[in-house]
């Protein structure tokens, strides 16, 4: 186990070579683009096999009212000029993008307190960690009179209930697309990841 950074792609490549790592699994968050890019570059330099283990992205279902955007700044623009109550669930980072749309009331949910929360003129902070239930998400959106949901397409089941609740209530969802996928083989289940490890072992 190692805690902390490696010093970019070069540092990671040196670590792989020094520790004689036989294979690497990138299991970082789907939006950790820089870390994944460093992993690809390091594994190429060290000639270490790499696979990406990630959650499949959410896909649009009948009844979903999605506006797909490329960035948090685009998400702010997609909310429009008319004041509304917005449920922000993108995490504690990038909250500053919404400072230029102070006409909205923001219900912000995060694990840790965002640094910019006090700069939003009309906001409510909810500190909570998933998984979240469908009943709980429905109650929250109804009680706060949520009119729009902003989220990243992180995938997985732990926080999918908010997508289901928005669909059931007819709430607009501003969905931030994932960054480009790493240039490496990708698996979406633990069984697939374990099979990849076993294949590397059998090939060595």
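Residue numbers (the numbering used here): 283 to 486. Glycine included, every Cβ here is placed at the ideal spot set by N, Cα and C.
request  = Count the C-beta pairs between the region 343-361 and the region 407-416 that are closer than 8 Å, then say yes if the count reaches three, no if not.
outcome  = no
task = Count the CB pairs spanning the region 421-438 and the region 283-293 that are closer than 8 Å, and state whether there are at least three.
result = no
Euclidean distance between Cα positions of residue 364 and residue 445 = Residue 364 sits at position 82 when you count from the first residue of the chain shown. Residue 445 sits at position 163 when you count from the first residue of the chain shown. Those two C-alpha atoms are separated by around 23 Å.
request  = Going by CA-CA distance only, name the one from 481, 484, 458, 387 that's closest to residue 339.
outcome  = By one-based count along the chain shown, residue 339 stands at place 57. The option with the nearest alpha carbon to residue 339 is 458.
query = For residue 292, which residues of its own chain have a beta-carbon under 8 Å away from its beta-carbon, when the five flanking residues on both sides are left out?
reply = For this step, residue 292 is matched to residue 10 along the chain shown. Answer for residue 292: 324, 327, listed in chain order.
task = Please determine, among 297, 352, 359, 322, the residue with the shortest C-alpha to C-alpha distance to residue 307.
result = Counting from 1 along the chain shown, the entry for residue 307 is found at position 25. Nearest option by C-alpha distance: 322.
request  = Count the other C-beta atoms from every protein chain shown that fall within 10 angstroms of the C-beta of residue 387, then say buried if there are 16 or more, exposed otherwise.
outcome  = Working through the chain shown from its first residue, we reach residue 387 at position 105. So residue 387 counts as buried.
query = Taking the alpha-carbon positions, what's the residue 311 to residue 434 distance?
reply = The residue you call residue 311 lines up with position 29 of the chain shown. The residue you call residue 434 lines up with position 152 of the chain shown. So the alpha carbons of these two residues sit roughly 11 Å apart.
Integer-rounded CB distance, given that residue 351 should sit under 8 Å from residue 466 = By 1-based counting over the chain shown, the position of residue 466 is 184. By 1-based counting over the chain shown, the position of residue 351 is 69. Between residue 466 and residue 351, the beta carbon gap of about 26 Å keeps them out of contact (Cβ cut-off 8 Å).
request  = Check whether the Cβ atoms of residue 315 and residue 462 sit closer than 9 Å, and answer yes or no.
outcome  = Against the chain shown, residue 315 aligns to sequence position 33. Against the chain shown, residue 462 aligns to sequence position 180. Yes, the pair counts as a contact, with Cβ atoms nearer than the cut-off.
ask   = Of all the options 336, 329, 299, which has the alpha carbon lying nearest to the alpha carbon of residue 468?
value = Taking the first residue of the chain shown as 1, we reach residue 468 at position 186. Cα-wise, what sits closest to residue 468 is 336.
query = When the Cα atoms are used, what is the spatial distance from residue 441 to residue 398?
reply = The residue labelled residue 441 in the question sits at position 159 within the chain shown. The residue labelled residue 398 in the question sits at position 116 within the chain shown. Each residue's alpha carbon lies about 23 Å from the other.
ask   = My guess is that residue 443 and residue 470 are in contact by the Cβ rule of under 8 Å, so how many angstroms apart are they, rounded?
value = For this step, residue 443 is matched to residue 161 along the chain shown. For this step, residue 470 is matched to residue 188 along the chain shown. Contact check for residue 443 and residue 470: beta-carbon distance about 20 Å, past the 8 Å limit, so the pair fails to qualify.
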